[in-house]
Every structure is written in structure tokens, then in C-alpha cells.
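Residue numbers for the sequence shown follow the working numbering, so the first one is 2 and each next one is one higher.
One structure below.
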Amino acid sequence: MVGLAAFGPCGRVLMMHAARRLVPAIAALAVAGQAFAFGVAHAATTASSLHAAYHGTFAPSSISGTPTDVPTSSNEIPAQSPNSKTIRHTYAAGTPTVQALSVSSGQANGFGGFQGITHKEQRLAGTGDYSNTQFSLEPPDQGLCVGNGFLVETVNNAVRVFDTSGSPATEPIALSQFFGFKPEVVRPNGPFGPFISDPKCYFDVATSRWFLTELGIGQVPATGNFDGTSFEAVAVSTSSDPSADWNIYTFDTTDSAHPGCGGGCFGDQPLIGADAYGFYVSTNEYSIKPFGTYYNGAQVYAMSKQGLEGAGKNGVNLVHIDSGPYTQSAYGAPSFNLQPATVPGTTYDTSNGGTQYFVSSLDLGAGPALGTRATHVGLWALTNTISLNSKSPSLTLSFTAVASETYTQPPNMTQKKGPLWLGAQLNDPESLVASNDDRMNQVVYANGHLWSATNSAVKQQNGPTTTGIAWFEIAPSATPNSVSGQMTNQGYLAASGQNTAFPSIGVTDAGRAVMTFALVGPDFYPSAAYATQGADGSFNTIYVAGAGRFPEDGFTGYKEFGGTVARWGDYTAAVADGSGNVWMAAEFINDLYPPARTFYANWSTFVSKVTP
């Protein structure tokens, strides 16, 4: 998620809305050409038809040489660096009581792993004109995709290709260089390129092509101030080899005709998914000028997967769908954070001319990502997606609420006390670690079911209230004009006396699931952990994949840099490969002192796999 100084929790604007009502809302939106027709509950609106323009080609293998270390310099932290929220306490009243698990000292079947991209590698990525043009960034937003014997990890504003043994196939590459944008900053004082953030990647098994996305906000080159424009970048490989050529496309997300977007809007936290026919990007739309004052809800951008893969220099048309009004009447706020489903193999839902599912949190009572608690999750279906291959797409978006276990806004997390390097120079103690909020995380459609999870406050039996995980398994069903779902399995995951946060569930084609998450607490430095699913359907064993060795000691946790609570990995990732393995990536702390770290941050990522 974009971390911006004007934002509150998790880089989000804190907007007040009327209290929500726990009434399952049902609506449908038909998209035919350029006309939207809402169901009875909503007024008619107008669709927008966009074009993803060709931006160039890039080959990761063209980057060679190891970047050299550079001294700390001016413009080290971007002007839009995250301001962490103040300490937030979550009270046990109304919080689900759970049975906490101990942490295993062993590993699950088929475990293997290696250190992925580190903060220092992200900061120093870039060659030639892009050398020494990256910012120091926290938290590490994670993207991971696997296929054809390769693994692509993209973290904040860097990307690297590995083989599945963990051997690097490329150097860490600055994403501004990858996408062909101007460098983020030419030190010491500019010029400044676009502000970019929040990468995601996806390997499409059916076509053996790779997808990589990034949001962008235009900046005035001389000052670095936002210029009122925004865009989304989509890269698509031209072969099954991610180290070879990729075509780059961009489409506009300024949406100046939308309410509150007169000074421009941008699409925060772009999320991606795909079905048999389409590739989908979902964003949260906020105003640029005045910055963050207006929130218009989740926006869905749908485009032909076939069209993207074969577009070349012609680009491809896409359909923009505003899902914001769907939840307004029943929940007092626009829709938020629609997570598009991905599929581990090729078993798509091809009913209704192709159906793409989304899942979202419905804790919207006091505004996006600032509710109190919820007992429903949002289920969405986009139907007739095969029409994306035509000149006149005709799609229908449907929404319903599925009753669920309670999930609530989580507290900040304590971390194990230990030596500090940056904190010691500032005479500051260990900071708390942010668990952000209870938005829905990664969604997978496998074996006819949807899997997802979210952070939640949990009251441990005979123990403290901590951050834990609420997870969900839904059996969806769609018609051309409606969607319904049944909660077939759900539960909580908590570690005894500790915190678990930022879950992603990877699911094989056969429906075997593994969950990855961060493990942080009085007994654990920030670590990358995972849990396997038992025969009873629950996630009942916690393992540590990448054991933290030191505290989180980055700039966002210290008041001298405008922070009070350390920002942690906004995303983890988990994805199955064609051999029945589930690959995972999460943040952990492996280093404390230079030269392994930079002055401002010491995060690393850990990539691992198991065979459920």
C-alpha cells in the first residue's frame, strides 16, 4: 500500500461514515459497452472505457553487474514516506476468544527456503542512469509468482528473478528501470520521477505468461510534488521465461470525472487476479488534490488476458467498473479492497460465460479500513468475462454478504527485546510493530472454493488480546446476474502469547492449503512463519520458515522520522506450483548492523516452500 504522509493506518485516509447495518446487501451491475445499469438499490451511473497504452519493452537479463554501496545522502526517504499510526489498544470486549497454538521447532514436509530481496538490495537496485536513485522504503510490500522453473519476487520498488532452487537468475532491478519510468530521484535534489509503489505479480499457467503491476502517481520533476495524475502499469512477458522480454503497458487512473477527483485521484493498493478470459486489477480510489480527502470505493479494471498477451504496440482496451456504491447503503461506506481471485492451475469457473470472483472485508462501519468488527465478508462475481475478448464487452458485477465468524480491528504488536542499531543512536527503545487493519488479504479459487484471511484482534484463552488471523473458505455460486456463497470452513490462527499477522493462503489445484504470515511477539523477533492444514480442515501447526534474529529497527518506528509504530510487511504471498508445492514469501529481520543493512532499515524477505 502506498505510504503517504497525509494518511492514517496502513497509508489510508481515515474517513468517517454512518454506522453500518449488518444486513446482507445484494446488488448487480451490468456493463455493456459504455453504459452501467445498477440494480434497484442504486442509481444509474456512467461507465468509462480506457485503453492500456504500450509503454515499451524490457528484458531483466539485460541488467548485469552488482550495484555498489552508496553513503547515506539527501532525499533518502521520500516526501511521501509512511507516517505510522499512534498506539492503538484493542479491548477484549467483542473480540473472538481463540485457542492459541504453540510454535513447532520442526518443519513441514518438503520444506526449503532462502533469503529473498533485502532492503539494501531494494535501495541499491538500479544501474546506469538509475544508479543510486531508489528511496529507503518501509514496509516491504510483497509480490511473488512461480512457474516454469522460475520464481519472481517483487518487493517495494525492486524485482528479481530466481530459479526454484533459490539461485538468482537476474540482479535486483529497480522497478522504475523495469517499467521505463524516470528515476525516482536523481540525488541530491532531483529531478523526481513518478512515485511508484505496491507491486504484484502473477504467473498464468494456461498461457505460461507472467504479469507484473505497479501503481504510479505523477510528480513535478523539479519539486517532487504530486501533479494530479496517476496511472497503473502492467507488464506482460512475451514468453515463459521471466528473465527475457516483457511488454509494458500503462492506463490512466486519474478518473477526473469522478466525484472528488477534480484534482485527480489515484488507485491505491492495486490487487490482481485472473480467470480463463480476463486479467483484473482492483484499486482503492483516493483523491490527490486535496490529498486523501475523498474516497470513492474500490475500482475494478478488467481487460482481456488474451488481448494483453498479444497486444504488442497496439495496447488493449479495458473496462473500468466502480464498485463503490454497492456497500454504501447497508454498510455506511463505499466498498473497500476487493481482492480478485487467482487460480493455481487452469480449473477456472467458466460458467456464465466466465466468472471471476472477488472477496472483501465488510468492516466498514467507521470508514474504509477503520471499522470496529464485522460478522460478514463480501463476495463478488463478475460474469460473462469471455466478452472481454470482443470489441463490446458486456459484464455483470454482483455482490452479496456471506455470514462469517467475527473479525475485528487488530492491536499493534509487541516484539522481542534485543539489540538496536538505529534505535541506539536515537536513544529510542524497540517500537511496536503495526498490524494495520482487518482488510481481506490474498484470495485463491481452487477446487471450487475461495480461500482468504485477514488480521483480527483475538483474545487468547487465559492469555492476552493479540493480533491473530481469521481465515475463511467459501463455496461460491453465480448466475449471470447474481452471486451467492456458503461458508464451508473458517477459523482463527493464533500463537500462544505472540502475534500472527498479514496472512496469505496458498492452495494447490487439489485444494490443499498452506498459510504464511508474520510471527512477532515477546518471544520472537519478527519472523516469517507458516501453518499447514490438518485433516480436520483447520490450520493446526505453526512453523517458522525464516527466524528473525534481531528487532525491527527501521525508520518508521522512531519519532525522529515521524513514526511511532514500525510499519511491517503490508503483504505476504503464497502460491502453488504445478508440482503440488506451495511457495511463500514474507518479511523477517535477519541483519542489524551495516554493511548488511542500510542506515534507515534492516528488513529482509524469506522465500520458502512446502508440499502439503
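Glycine included, each C-beta is placed from N, C-alpha and C at the ideal position.
Q | Three-state secondary structure (DSSP) of E139 | A | On the sequence shown, residue 139 is found 138 positions in, with the first residue counted as 1. Looking at E139 - three-state DSSP - the assignment turns out to be coil, as it is neither helix nor strand.
Q. Should Y493 and A109 be called a contact, given that it needs their Cβ atoms to be closer than 8 Å?
A. Against the sequence shown, residue 493 aligns to sequence position 492. Against the sequence shown, residue 109 aligns to sequence position 108. Result no, Cβ atoms of Y493 and A109 do not sit closer than 8 Å.
Q. Roughly how many angstroms lie between the CA atoms of S106 and A575, to the nearest whole one?
A. If you number the sequence shown from 1, residue 106 lands on position 105. If you number the sequence shown from 1, residue 575 lands on position 574. Whole-angstrom Cα-Cα distance: 21 Å.
Q | Assumed close pair Y446, V344 - CB separation to whole angstroms, cut-off 8 Å | A | Position 445 of the sequence shown holds residue 446. Position 343 of the sequence shown holds residue 344. So it is a contact: roughly 5 Å between Cβ atoms.
Q) At what residues does the alpha helix (DSSP H) containing R124 begin and finish? A) Your numbering for residue 124 matches position 123 in the sequence shown. From DSSP, the alpha helix (DSSP H) with R124 extends over H120 to L125.
Q) Would you report the Cα separation of Y281 and G274, rounded to the nearest angstrom? A) For the purposes of this step, residue 281 is identified with residue 280 of the sequence shown, where counting begins at 1. For the purposes of this step, residue 274 is identified with residue 273 of the sequence shown, where counting begins at 1. Whole-angstrom Cα-Cα distance: 5 Å.
**Q.** Proximity winner among G229, T489 and L272, relative to C262 (alpha-carbon distances)
**A.** Residue numbering aside, residue 262 sits at position 261 when the sequence shown is read from its first letter. With distances taken between Cα atoms, C262 lies closest to G229.
Q.
In the DSSP output, which residue or residues are listed as bridge partners for Y327?
A. Residue mapping note: residue 327 aligns to position 326 of the sequence shown, counting from 1. In the DSSP output, where bridge partners are listed per residue, Y327 has none listed.
**Q.** Rounded straight-line distance, which links the Cα of Y327 to that of G265
**A.** Your numbering for residue 265 matches position 264 in the sequence shown. Your numbering for residue 327 matches position 326 in the sequence shown. So the alpha carbons of these two residues sit roughly 23 Å apart.
Q) Would V502 pass as a contact of V521 if the rule is Cβ separation under 8 Å? A) Working through the sequence shown from its first residue, we reach residue 502 at position 501. Working through the sequence shown from its first residue, we reach residue 521 at position 520. The question names Val, but residue 502 in the sequence shown is Ala. Yes, the pair counts as a contact, with Cβ atoms nearer than the cut-off.
(Q) So for D130, helix, strand or coil by DSSP? (A) Looking up residue 130 in the sequence shown gives position 129. Residue state, collapsed to three classes: helix.
(Q) Check whether the segment 56 to 76 and the segment 159 to 172 touch, using three or more Cβ-Cβ pairs below 8 Å as the test. (A) yes
(Q) Just verifying my parser: in three-state terms, what is the DSSP assignment at L593? (A) For this step, residue 593 is matched to residue 592 along the sequence shown. DSSP places L593 in coil when its eight states are reduced to three.
Q | Counterpart residues of Y358 in DSSP-defined beta bridges | A | On the sequence shown, position 357 is the one that residue 358 refers to. For Y358, which the question treats as bridged, DSSP gives the partners A382.
Q: Report yes or no: do three or more beta-carbon pairs, one from the segment 497 to 513 and one from the segment 467 to 478, lie closer than 8 Å?
A: yes
Q) From which residue to which residue does the beta strand (DSSP E) around L520 run? A) One-based indexing of the sequence shown puts residue 520 at position 519. Start and end: A514 to G522.
(Q) Counting beta carbon pairs with one atom in the segment 135 to 149 and one in the segment 568 to 584, are three or more of them shorter than 8 Å? (A) yes
Q. According to the neighbour-count rule (16 or more other Cβ atoms, all chains shown, within 10 Å of its Cβ), is P394 buried or exposed?
A. Taking the sequence shown and counting its residues from 1, one reaches residue 394 at position 393. Buried, by the Cβ-count rule.
Q: Could you name the residues that DSSP lists as bridge partners for V235?
A: Residue 235 sits at position 234 when you count from the first residue of the sequence shown. The partner list for V235 (beta bridge, DSSP) reads T214 and Y250.
Q.
Just to confirm, is the Cβ distance from S283 to P271 under 8 Å?
A. For the purposes of this step, residue 283 is identified with residue 282 of the sequence shown, where counting begins at 1. For the purposes of this step, residue 271 is identified with residue 270 of the sequence shown, where counting begins at 1. A contact, by the Cβ cut-off of 8 Å.
Q | N- and C-terminal bounds of the beta strand (DSSP E) containing L272 | A | By one-based count along the sequence shown, residue 272 stands at place 271. Start and end: C266 to A275.
Q) Does DSSP put V562 in a helix, in a strand, or in coil? A) Here residue 562 is taken as the residue at index 561 of the sequence shown, counted from 1. In the sequence as displayed, the identity of residue 562 is Phe instead of Val. Of the three classes helix, strand and coil, the one that applies to F562 here is helix, per DSSP.
Q.
Considering only their Cβ atoms, is the gap separating F182 from P195 smaller than 8 Å?
A. Within the sequence shown, the letter at position 194 stands for residue 195. Within the sequence shown, the letter at position 181 stands for residue 182. Their beta carbons are under 8 Å apart, which means P195 touches F182 by this criterion.
Q | Buried versus exposed call for E561 [16 or more other C-beta atoms within 10 Å across all chains shown] | A | Within the sequence shown, residue 561 is the residue found at index 560, counting from 1. Exposed, because fewer than 16 other Cβ atoms sit within 10 Å of the Cβ of E561.
Q: Would you mind giving the Cβ-Cβ distance between Q410 and G379, rounded to the nearest angstrom? I have them listed as a contact below 8 Å.
A: Numbered from 1 along the sequence shown, position 409 holds the residue referred to as residue 410. Numbered from 1 along the sequence shown, position 378 holds the residue referred to as residue 379. With a Cβ gap of about 17 Å, Q410 and G379 do not count as contacting.
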